[in-house]
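Enquirer: Sharing a structure, written as structure tokens. Questions coming.
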Amino acid sequence: MERQQAEEAHATVLPNGTGDDTVRKRGYSKVKSPIAALDGKVRLQNSNREGDLLTMKKTIAAVSLIIALVMAGPVAAAGIDFGGSIETNIEVNRSVEGEVDVNPASELSLNLGLTAAQDKLRAGVQFGLSDEYTQLMPTGITLGDIALKQAFIEADGAYWHGGPEVTTRFGTLDVAYSPYATVKDHSGVSISGMDLDVVDLSAFYGLPTDHGHVLGMRADINVIDEVDLGASVIADEEILRVQLDAAGSPMEGLRLAGAIAADHVEGTSLKDINNLWTVQADYELLENTTVTAGYKFISDDWAPRYVAPRSKDDDQVQDWVHQERNRNHGVFVGVSTEQQGISVAAEYDQVFAHAALSAGTEYEGFKFDVATVLDVPGLGQMSTEKTTFGVGRDFDVMEGLTIAASYEGEWVPAAQQLTHTIGASTTLGLIPAIDGLSINGEISASELNLQTMGYKIGAEFEAPNGVNLGIEHDRFEGTTFQAGMKVEF
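Okay, here's the thing in structure tokens:
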């Protein structure tokens, strides 16, 4: 739990209005340990690797599926969860030039899960379409169009009488030892949660991929109170990744964390090993005031293999590895506080040559925010990328009618352009026939010129028959109409 809190604390969150690209650029990893000897013993011969690989993948997926289905009958009373969804959607785009583009799409998902033995035995199967289906409904599909997304069976229990309970899993792996030791959607076998008092152990074996067999293990050491120590290892036929991490609170209000990950390739010297490492300190200076400082480094050729994927909002520990960097090492600092209802935050990241300042507050129902993003390529060099400021409020016009109004300004010095955007949205509840109809619109302009003024209006409605309807018109992009349904069972 403390390790997870340390990772989450690694991203500074600025008030509303800052933007996704302004602050989410820090992270640290966790380490891995050598098992090269074991890796070498399990390699396939090149002459028949492809055939064996395909056979093994099909076998373990089929075995997991068969076991899950066979168990369904005897343990029906224990708990079976069968479900899925069918979704269809059509989008019609008409550009301002009059060109019409029609894009139909559909998705199919089937899930089977079951539990038995007081939830100590679990199995799951998930099917879906192998490729994006560009038809309104997934008709005319064959078995070749349906892919087995994942299939697994897992059980909780000891391997010897009186031994520690562990979770054993066959099928699709879900290994997340750390953001830098992650293996998912990969067939294999895993054992996790073996509590040996001073150490917790986990391990896995993955069937061959383009990089050969994959092996890994994790050890969490429980020796010092209030200190988390861990080591992870992942090895394939090309690299041996060793990753270590530590976190602790030596004094009240202070949290220290560090991590290192190194990839060893056969034939390379220690000085040529690609690696990354980070150190970070978070200190609660005052109530609701936190100061962060740290340093991070990554080799130019460090490959993000077995790293958790980049998150949608760029707010996870591993995201900085996936992003384009200005340099491969540097400091990062930040401070955030909330005093008398005003939130203020500042951040600087040398690796990305980036700094951000923001503030936000709410007064008499109005929400105010301002943020500035700075480009800092070097010491004494600083320029403003953009500054945004805005205000918003919900107005109760009458019973059943509330309008959310907003204004946002954006100043881009490089273009010498100030853009104003005024928007409003509401959900109608006055007319029973269209109860729930959402309407939104906005006007934007950077100069007093009707020719360059932009506007956008749209509406969304979920009809009583389950059809989701939407339409949006943009002055410069054209009109888009959407209609679709989703049935879950």
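Our numbering numbers the first residue of the sequence shown as 1 and each following residue consecutively. Virtual Cβ for every residue (Gly too), placed ideally from N, Cα, C.
Find out if the Cβ-Cβ distance for the pair S446, Q417 is shorter than 9 angstroms.
Expert: Position 446 of the sequence shown holds residue 446. Position 417 of the sequence shown holds residue 417. Contact: yes.
Enquirer: For the candidate residues E97, Y295, A424, N89, whose alpha-carbon lies nearest to that of E477?
Expert: Looking up residue 477 in the sequence shown gives position 477. Comparing Cα positions, the closest option is E97.
Enquirer: Measure from the alpha carbon of T290 to the alpha carbon of each residue in P464, A346, R305, then state which is nearest.
Expert: On the sequence shown, residue 290 is found 290 positions in, with the first residue counted as 1. Checking every option, the nearest Cα to that of T290 belongs to A346.
Enquirer: Helix or strand or just coil, what does DSSP make of A321?
Expert: Residue mapping note: residue 321 aligns to position 321 of the sequence shown, counting from 1. Note on identity: in this sequence residue 321 is Val, with Ala being the wrong assignment. Three-state result, V321: helix.
Enquirer: Taking only three categories from DSSP, how would you classify A463?
Expert: Position 463 of the sequence shown, counting from 1, holds the residue named residue 463. DSSP places A463 in coil when its eight states are reduced to three.
Enquirer: L379 and A355: beta carbons closer than 9 angstroms?
Expert: Along the sequence shown, one-based indexing puts residue 379 at 379. Along the sequence shown, one-based indexing puts residue 355 at 355. Contact: no.
Enquirer: Is the beta carbon of A281 closer than 9 angstroms to that of L254?
Expert: Stepping through the sequence shown from its first residue, residue 254 is reached at position 254. Stepping through the sequence shown from its first residue, residue 281 is reached at position 281. Contact flag set, yes.
Enquirer: Report the rounded CA-to-CA distance for D474 versus T168, giving the unit in angstroms.
Expert: On the sequence shown, residue 474 is found 474 positions in, with the first residue counted as 1. On the sequence shown, residue 168 is found 168 positions in, with the first residue counted as 1. When rounded, the distance between both Cα atoms is 54 angstroms.
Enquirer: Give me, in chain order, the residues of the same chain whose beta-carbon lies closer than 7 angstroms to that of I434; leave out the 5 immediate sequence neighbours on both sides.
Expert: In the sequence shown, residue 434 corresponds to position 434, counting from 1. Only L428, F461 meet the Cβ criterion.
Enquirer: Taking Cβ positions, are G423 and G441 nearer each other than 9 angstroms?
Expert: The residue you call residue 423 lines up with position 423 of the sequence shown. The residue you call residue 441 lines up with position 441 of the sequence shown. Closer than 9 angstroms, so yes.
Enquirer: Smallest Cα separation from H264: which of A231, Y295, W302?
Expert: Within the sequence shown, residue 264 is the residue found at index 264, counting from 1. Measuring from the Cα of H264, the nearest candidate turns out to be W302.
Enquirer: Taking the Cβ atom as the reference point for each residue, do G258 and T278 lie within a distance shorter than 9 angstroms?
Expert: Here residue 258 refers to the residue found at position 258 when the sequence shown is read from its first residue. Here residue 278 refers to the residue found at position 278 when the sequence shown is read from its first residue. Yes, these two residues count as a Cβ contact at 9 angstroms.
Enquirer: Can you tell me the Cα-Cα spacing of D101 and L437, whole angstroms?
Expert: What you label residue 101 is simply residue 101 of the sequence shown in a count that begins at 1. What you label residue 437 is simply residue 437 of the sequence shown in a count that begins at 1. Going by the C-alpha atoms only, they are around 26 angstroms apart.
Enquirer: Considering only C-alpha positions, which residue in the set D210, P208, A219 is nearest to S202?
Expert: As a first step, residue 202 must be located in the sequence shown, where it is residue number 202. Nearest of D210, P208, A219 to S202, Cα basis: A219.
Enquirer: Given a threshold of 16 other Cβ atoms within 10 Å of its Cβ, counted over all protein chains shown, does G207 qualify as buried or as exposed?
Expert: Position 207 of the sequence shown, counting from 1, holds the residue named residue 207. Looking at the sequence provided, one finds Leu at residue 207 rather than Gly. Burial call: buried.
Enquirer: Compute the distance between the beta-carbons of N468 and K486, then report whether it is under 9 angstroms.
Expert: The residue you call residue 468 lines up with position 468 of the sequence shown. The residue you call residue 486 lines up with position 486 of the sequence shown. Cβ distance < 9 angstroms, so N468 and K486 count as in contact.
Enquirer: Does Y159 pass the burial test, meaning 16 or more other C-beta atoms within 10 Å, or should it be called exposed?
Expert: The sequence position of residue 159 within the sequence shown is 159, counting from 1. Under this definition Y159 is an exposed residue.
Enquirer: F332 bridges to which residues according to DSSP?
Expert: By one-based count along the sequence shown, residue 332 stands at place 332. DSSP lists G294, D349 as partners of F332.
Enquirer: Relative to the C-alpha of Q118, which residue among A151, I80, F127 is closest?
Expert: For the purposes of this step, residue 118 is taken as the residue at position 118 of the sequence shown. Checked all of A151, I80, F127; the closest Cα to Q118 is I80.
Enquirer: Looking at the secondary structure, which residues open and close the beta strand (DSSP E) in which P208 lies?
Expert: Here residue 208 corresponds to residue number 208 of the sequence shown, with the count starting at 1. Element bounds for P208: 199 to 209.
Enquirer: Any contact between the segment 210 to 217 and the segment 232 to 241? By contact I mean 3 or more CB pairs, one from each, below 8 angstroms.
Expert: In short, these stretches touch, since the Cβ pair count reaches three.
Enquirer: Count the other C-beta atoms from every protein chain shown that fall within 10 angstroms of the C-beta of I390, then say buried if there are 16 or more, exposed otherwise.
Expert: In the sequence shown, the residue the question calls residue 390 occupies position 390. In the sequence under discussion, the amino acid at residue 390 is Gly, which differs from the Ile named in the question. When all chains shown are included, G390 counts as buried.
Enquirer: Quick check on DSSP: helix, strand or coil for P250?
Expert: Looking up residue 250 in the sequence shown gives position 250. It is a strand residue.
Enquirer: Taking G157 as the reference, give the member of K120, A371, A231 with the closest Cα.
Expert: If you number the sequence shown from 1, residue 157 lands on position 157. G157 has its Cα closest to that of K120, out of K120, A371, A231.
Enquirer: Put L428 into one of helix, strand or coil per three-state DSSP.
Expert: The count along the sequence shown starts at 1 and reaches residue 428 at position 428. Of the three classes helix, strand and coil, the one that applies to L428 here is coil, per DSSP.
Enquirer: Can you give me the Cβ contacts of I90 inside the same chain, cut-off strictly under 8 angstroms, excluding the 5 residues immediately before and after it?
Expert: As a working note, residue 90 is residue 90 in the sequence shown. The answer, listed in chain order, is V102, N103, P104, A105, L136, Q482, A483, G484.
Enquirer: Please classify E154: is it buried, with 16 or more other beta-carbons within 10 angstroms of its beta-carbon, or exposed?
Expert: Counting from 1 along the sequence shown, the entry for residue 154 is found at position 154. Flag for E154 reads buried.
Enquirer: With C-beta atoms as the reference, is K386 less than 9 angstroms away from T402?
Expert: As a working mapping, residue 386 is identified with position 386 in the sequence shown. As a working mapping, residue 402 is identified with position 402 in the sequence shown. No, the pair does not count as a contact, with Cβ atoms beyond the cut-off.
Enquirer: Pull up the distance between the alpha-carbon of P550 and that of F368, whole angstroms please.
Expert: No information on residue 550 is available, as it lies outside the stretch 1 to 489 that the chain covers here.
Enquirer: Quickly, what does DSSP pair Y283 with across the bridge? List them, please.
Expert: Translated into positions along the sequence shown, residue 283 becomes position 283. Answer is L254, V291, bridged to Y283.
Enquirer: Quick one: is K271 buried, meaning 16 or more other Cβ sit within 10 Å of its Cβ, or exposed?
Expert: Translated into positions along the sequence shown, residue 271 becomes position 271. Burial call: exposed.
Enquirer: To which residues of the same chain is V92 closer than 6 angstroms at the C-beta, ignoring the five residues directly before and after it?
Expert: Along the sequence shown, one-based indexing puts residue 92 at 92. So the list reads V102, F481, once near-sequence residues are dropped.
Enquirer: Q340 to V370, Cα distance in whole Å?
Expert: Here residue 340 refers to the residue found at position 340 of the sequence shown. Here residue 370 refers to the residue found at position 370 of the sequence shown. When rounded, the distance between both Cα atoms is 17 angstroms.
Enquirer: Nearest by alpha-carbon distance to V344: which of G360, F352, V333, F332 is it?
Expert: Indexing the sequence shown from 1 puts residue 344 at position 344. The shortest C-alpha separation from V344 is found at G360.
Enquirer: Assuming T172 contacts Q150 (C-beta within less than 8 angstroms), just tell me the rounded distance between them.
Expert: Mapped onto the sequence shown, residue 172 falls at position 172. Mapped onto the sequence shown, residue 150 falls at position 150. The pair is a contact, with the Cβ atoms about 4 angstroms apart (cut-off 8 angstroms).
Enquirer: Taking the alpha carbon of E362 as the reference point, which residue from G400, G392, A459, G334 has its own alpha carbon closest?
Expert: For the purposes of this step, residue 362 is taken as residue 362 along the sequence shown, with counting starting at 1. Among G400, G392, A459, G334, the Cα nearest to that of E362 is on G392.
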